[in-house]
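Visitor:
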Amino acid sequence: MSTRKKKPRTAKVRAQDTARQRRKRERDAKHRAAVGAQKFKWETYTGTRDDMECIRAAGDFEQVEEGLTLAIRYVANIARRDPAALRVALDPRNLV
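Residue 96 in our numbering sits at position 91 of the sequence shown, and the numbers go up by one each step.
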């Protein structure tokens, strides 16, 4: 453990931190608008969450959402190239 004493945060430092955070939020909002980001609310069950975690772990992703995004893009590519193959692959009777 460090024996250094923390310097008290001055009003100037707090103001700088506040301004920096405001700028970050503005950049994030601008980026979300530029890429058309949209919130998606979704109810999942234990098996689906386990499957999502399996995708995250197998792909060595930091976040489940990254693995899901890539999986959706991959499946959409199959749908564009061969819709019949997609229907076969997504037939609920074929799931493991």
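Glycine residues also receive a C-beta, built at the ideal position from the N, C-alpha and C atoms.
So, at 8 Å on beta carbons, what are the nonlocal neighbours of residue 37 in its own chain, with the 5 sequence-adjacent residues on each side left out?
Guide: Residue mapping note: residue 37 aligns to position 32 of the sequence shown, counting from 1. Exclusion of the five residues before and after residue 37 leaves no residue of its chain whose Cβ lies closer than 8 Å to its Cβ.
Visitor: Measuring only the C-alpha atoms, how far is residue 78 from residue 22?
Guide: As a position in the sequence shown, residue 78 is number 73, starting the count at 1. As a position in the sequence shown, residue 22 is number 17, starting the count at 1. Each residue's Cα considered, the two are about 38 Å apart.
Visitor: Which residues in the same chain as residue 60 place their Cβ atom closer than 8 Å to its Cβ, once the five residues preceding and following it in sequence are excluded?
Guide: Taking the sequence shown and counting its residues from 1, the one referred to as residue 60 is at position 55. Excluding sequence neighbours, residue 60 sits near 66, 69, 72, 73, 76.
Visitor: For a minimum of 4 consecutive residues, which ranges assigned as the alpha helix (DSSP H) are wholly contained in the region 16-89?
Guide: 16-40, 51-63, 69-86
Visitor: Compare the beta carbon distance of residue 95 and residue 83 with 7 Å and say whether it is the shorter of the two.
Guide: The residue given as residue 95 occupies position 90 in the sequence shown. The residue given as residue 83 occupies position 78 in the sequence shown. Contact: no.
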